[in-house]
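For reference, each letter of the sequence shown is one residue, going 1 to 147 in my numbering.
Glycine included, each C-beta is placed from N, C-alpha and C at the ideal position.
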Amino acid sequence: MNDTVFPLEATPAEAQAAIAEEFAFFGDWSERYQYLIDLGRKLPPFPDDWKTEQHRLLGCQSMVWIVPSGDAAKLDFAAASDSAIVSGLVFLALRVYSGRSAGDILATEPDYIAKIGLAKHLSPTRSNGLAALLAFIRDHARAQLPA
């Protein structure tokens with residue numbers, strides 16, 4: 001699903017380090033928000049027929065849809081949002097977690113959120129939505145592992 005869209009660093013830790021390095025380039029949060037918006041525009045096209053209640057992520061004030069594919073060896077996630085900034089948050093999460101094994105996903109805490117200061121600059125509703133997105137990804141990964 002995302003083989004050519006996201007820079008796929010060798011490990012989730014490398015992806016998080018690259019994100020931190022990119023955000024360090026910007027001097028203030030207005031520039032960082034603009035970068036998030038720009039990243040959100042890079043999400044691959046999301047088919048309208050996937051924008052259903054079945055794929056809707058609950059816990060977000062904005063509309064967010066996510067469709068997982070793959071198996072425990074490699075999980076991909078396609079996602080979209082009707083919000084520009086939330087689309088950027090989705091892009092960052094997919095950059096870290098999409099295309100990874102279930103084990104890698106579960107072993108990776110979203111450290112990039114603290115490293116770039118994101119938690120301090122998101123509204124409570126966006127923070128809740130990001131937490132819901134990350135929980136969905138982790139729960140889906142956990143469900144792919146043998147019991």
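Name the residue from the options whose alpha carbon lies nearest to the alpha carbon of residue i.
i	options	result
residue 51	127, 146, 145, 81	81
residue 70	14, 100, 117, 130	100
residue 143	14, 30, 106, 53	106
residue 43	59, 84, 128, 117	84
Pick helix, strand or coil for residue i, following the three-state DSSP scheme.
i	result
residue 113	helix
residue 42	coil
residue 51	coil
residue 136	helix
residue 20	helix
In whole angstroms, give me the CA-to-CA distance for residue i and residue j.
i	j	result
residue 112	residue 20	6 angstroms
residue 104	residue 49	30 angstroms
residue 94	residue 28	24 angstroms
residue 78	residue 68	6 angstroms
residue 91	residue 126	14 angstroms
Excluding five sequence neighbours on each side, which residues of the same chain lie with their C-beta closer than 7 angstroms to the C-beta of residue i?
i	result
residue 88	36, 37, 39, 40
Apart from the five residues on each side of it in sequence, which residues of its chain come closer than 8 angstroms, Cβ to Cβ, to residue i?
i	result
residue 26	32, 35
residue 56	63, 64, 65
residue 131	59
Please classify residue i as buried or exposed, where buried requires at least 16 neighbouring CB atoms within 10 angstroms.
i	result
residue 24	exposed
residue 75	buried
residue 98	buried
residue 54	exposed
residue 147	exposed
residue 11	exposed
Whose C-beta lies closer than 6 angstroms to the C-beta of residue i among residues of the same chain, with five residues either side of it excluded?
i	result
residue 110	134
residue 116	20, 23
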